[in-house]
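Step one of this worksheet: look at the structure below.
Printed below as a string of structure tokens:
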């Protein structure tokens, strides 16, 4: 644990020194694709090994004791409507054949859609009140990342959740299995191209 | 005479037996299944199994408008639905750059704290039942009823309120609401003092909880605990102080912290939090500013500019967060809920090993989970 006060600039400099390959992302320009998480120092890593090293470094050397959350975003593009069981129109009072009130999502040209699932790790420093966001792109098909369970035990179920809903494998996870969806469900529902397959509960 | 897991190792070797606790079991507080392997009455392996209540709200949000998502959010932690409304609105407002008027901010604080009281009251009552004390439940539900009546007056619902909306709150308070609320505060204060005699310092209750399920601060942080659970282990981490939102910085309150992180500490942290919440409610009632209750700039079909944000609040169960990504459409591109119950629950697989089977319910109850939030 360091006793020196940590601020965003100091941390950014430390990152640049320790992980020169990692890219610190600044605030997005007006009208451009989302890159930075508002209020967080955002760092993108080229591979999982360095991300894991950074997590360990942040926790053990800099005192980032708290892992806020791990999340994932599938950047394939707008969601496939076949992934839903029900009609996308949530207004049950509309008569049959009425125009749906919902505009389905369409691709936005300024957004950097790509063939990747982005993992997002948020960490907090409880004393210095500083927050860091680490990002890692893994391929959508057969993508994998090292498990953070050795550093933060709380990664356990969060990684299983991402495995279940996105199909990203976490290497060296002691129990990487489905957690939220039922055993018979095939596929990973939060992927944008997920298609619902009819099962015995549909009718 | 704290018993540690090591002391509890089975002294006689006997056959192992597998027991299913749940999913339909009254003391699992919903549909949670724990696969327990026991040797005699000592647990040697515990596998929590969740997902029975998974409704896929994160996927549903991807084709629904932002106003519809507030409705979805009510269904996560249904005991603290105001908090869910709040955190989703905060995230969306951050993305859209909407300013919330002062009166709406304080109304939000008022509702959040009342909801925290209602949620902790339910914990207080059901935890008593888990341990075998039925009277506390009846007392707690009488008071909880009064809070729910207040909510019913203001938004028409006793659960799933949908009161906190993008840019502010749904409605101005009804005419006699403030008086009713002002009556409730002193009434509840008196009752709250009774709770300590009723349950907190009851010798049987103390025996069942004081020496059971101790979790140290380091371990609690490593497992990502938050909320009263973490604070009971001695870490004073509270989102309301760490990163004040919605004008919490204007109110004077303390963060109750426990000592050794036992079941009783977690229980008592919540009881003391009710006192603090009541303090905040009194302060809000004392100086509620006049003004609009809905901010400007929220469209009927709002679209957020492309961007990404994370908003977190101190829910009744811990650090409730929303990771919201927008690609400029009418619906969120991705909505991730950091659900405190989900993260608080995973420690069970380590914590239950070495404990007696009769303590399982005491430990599980003290973590205070809501399965609607675990499975989302």
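Chains as they are written, first to last, in our numbering: chain A, 1 to 203; chain B, 1001 to 1376. Don't be surprised by glycine CBs; every beta carbon is placed ideally from N, CA and C. Small disclaimer: the values here were computed from a predicted structure and weren't measured.
Check: Looking only at C-alpha atoms, which of B:1113, B:1052, B:1132 and B:1128 sits nearest to residue 1147 (chain B)?; Outcome: B:1113
Check: Between which residues of its own chain and residue 137 (chain A) is the CB-CB distance below 6 Å, once the five residues before and five after are set aside?; Outcome: 116 and 118
Check: Which residue from B:1024, B:1075, B:1061 and B:1216 puts its Cα closest to that of residue 1372 (chain B)?; Outcome: B:1075
Check: Over the uninterrupted alpha helix (DSSP H) stretch that includes residue 945 (chain B), give me the two end residues.; Outcome: Because chain B here runs from 1001 to 1376, residue 945 (chain B) falls outside it and cannot be looked at.
Check: Straight-line CA distance for residue 1138 (chain B) to residue 192 (chain A)?; Outcome: 48 Å
Check: What is the DSSP secondary structure of residue 1325 (chain B), counted as helix, strand or coil?; Outcome: strand
Check: Can you pull out the residues from the stretch 1030–1063 of chain B whose beta carbon lies closer than 7 Å to at least one beta carbon of chain A?; Outcome: 1050, 1051, 1054, 1056, 1058, 1059, 1062 and 1063
Check: How would you call residue 75 (chain A), buried or exposed, if buried means at least 16 neighbouring beta carbons within 10 angstroms?; Outcome: buried
Check: Flag residue 1016 (chain B) as yes if its beta-carbon sits less than 7 Å from any beta-carbon of chain A, otherwise no.; Outcome: no
Check: Within the 7 Å Cβ cut-off, does residue 172 (chain A) reach chain B?; Outcome: no
Check: By how many angstroms is the C-alpha of residue 51 (chain A) removed from the C-alpha of residue 134 (chain A)?; Outcome: 7 Å
Check: Using a beta-carbon distance below 7 Å, is residue 1239 (chain B) in contact with chain E?; Outcome: Absence of chain E from the displayed structure is noted, the protein chains being A and B.
Check: If residue 1039 (chain B) sits next to residue 1073 (chain B), beta carbons under 8 Å apart, how far is it from one beta carbon to the other, in whole angstroms?; Outcome: In fact, because the Cβ distance is near 43 Å, the residues do not count as touching under 8 Å.
Check: Might you give, ordered along the chain, the residues of its own chain that have their beta carbon closer than 7 Å to the beta carbon of residue 1205 (chain B), omitting 5 neighbours on each side?; Outcome: 1131, 1133 and 1199
Check: Give the residues of chain A in contact with residue 1221 (chain B), contact being defined as C-beta atoms less than 7 Å apart.; Outcome: 65 and 66
Check: From the DSSP output, read off the bridge partner residues of residue 1318 (chain B).; Outcome: Note: residue 1318 (chain B) sits in no beta bridge, so no partner.
Check: What residues in the stretch 174–191 of chain A have a beta carbon less than 8 Å from any beta carbon of chain B?; Outcome: 178, 179, 180, 181, 182, 189 and 190
Check: Pull up the distance between the alpha-carbon of residue 1356 (chain B) and that of residue 1312 (chain B), whole angstroms please.; Outcome: 36 Å
Check: Residue 194 (chain A) to residue 1333 (chain B), Cα distance in whole Å?; Outcome: 15 Å
Check: Using DSSP with H/G/I as helix, E/B as strand and the rest coil, what is residue 137 (chain A)?; Outcome: strand
Check: Any beta carbon from chain B within less than 7 Å of residue 148 (chain A)'s own beta carbon?; Outcome: no
Check: Shortest alpha-carbon distance to residue 175 (chain A) belongs to which of A:186, A:190, A:148 and A:189?; Outcome: A:148
Check: Can you name the residues of chain A whose CB is closer than 8 Å to the CB of residue 1313 (chain B)?; Outcome: What residue 1313 (chain B) touches in chain A: nothing, since even the nearest Cβ is about 13 Å away.
Check: What residue range does the alpha helix (DSSP H) around residue 1134 (chain B) cover?; Outcome: Run containing residue 1134 (chain B): none; DSSP gives neither H nor E here.
Check: Taking only beta-carbon positions, decide if residue 227 (chain A) is within less than 7 Å of chain B.; Outcome: No answer is possible for residue 227 (chain A): it lies beyond the span of chain A, which begins at 1 and ends at 203.
Check: Hey, would you say residue 1056 (chain B) sits closer than 7 Å to residue 1375 (chain B), going by beta carbons?; Outcome: no
Check: Since residue 1281 (chain B) contacts residue 1317 (chain B) with CB under 8 Å, what's their CB separation in whole angstroms?; Outcome: Not a contact, Cβ separation roughly 19 Å.
Check: Mind listing the chain A neighbours of residue 1149 (chain B)? Cutoff is C-beta to C-beta under 9 Å, in chain order.; Outcome: Chain A residues near residue 1149 (chain B): none, gap ~29 Å exceeds 9 Å.
Check: Please name the residue, chosen from A:82, A:40 and A:58, that lies closest to residue 15 (chain A) on a Cα-to-Cα basis.; Outcome: A:58
Check: Taking the beta strand (DSSP E) that residue 1033 (chain B) belongs to, which residues open and close that run?; Outcome: 1033–1039
Check: Can you list, in chain order, the residues of its chain whose CB lies under 8 Å from that of residue 3 (chain A), leaving out five sequence neighbours each side?; Outcome: Low local confidence applies: a pLDDT of 47 at residue 3 (chain A) is under 50, so the model's placement there is unreliable, and no value is given.
Check: Starting from residue 1310 (chain B), follow its DSSP beta bridges and name the residues at the other end.; Outcome: B:1323
Check: List the residues of chain A that residue 1330 (chain B) touches, going by C-beta distances under 9 Å, in chain order.; Outcome: 102, 103, 104 and 105
Check: Using alpha carbons as the reference points, say which of B:1288, B:1349 and B:1329 lies closest to residue 1106 (chain B).; Outcome: B:1288
Check: Do residue 1059 (chain B) and residue 189 (chain A) have their CB atoms nearer than 7 Å?; Outcome: yes
Check: Roughly how many whole angstroms lie between the Cα atoms of residue 146 (chain A) and residue 159 (chain A)?; Outcome: 10 Å
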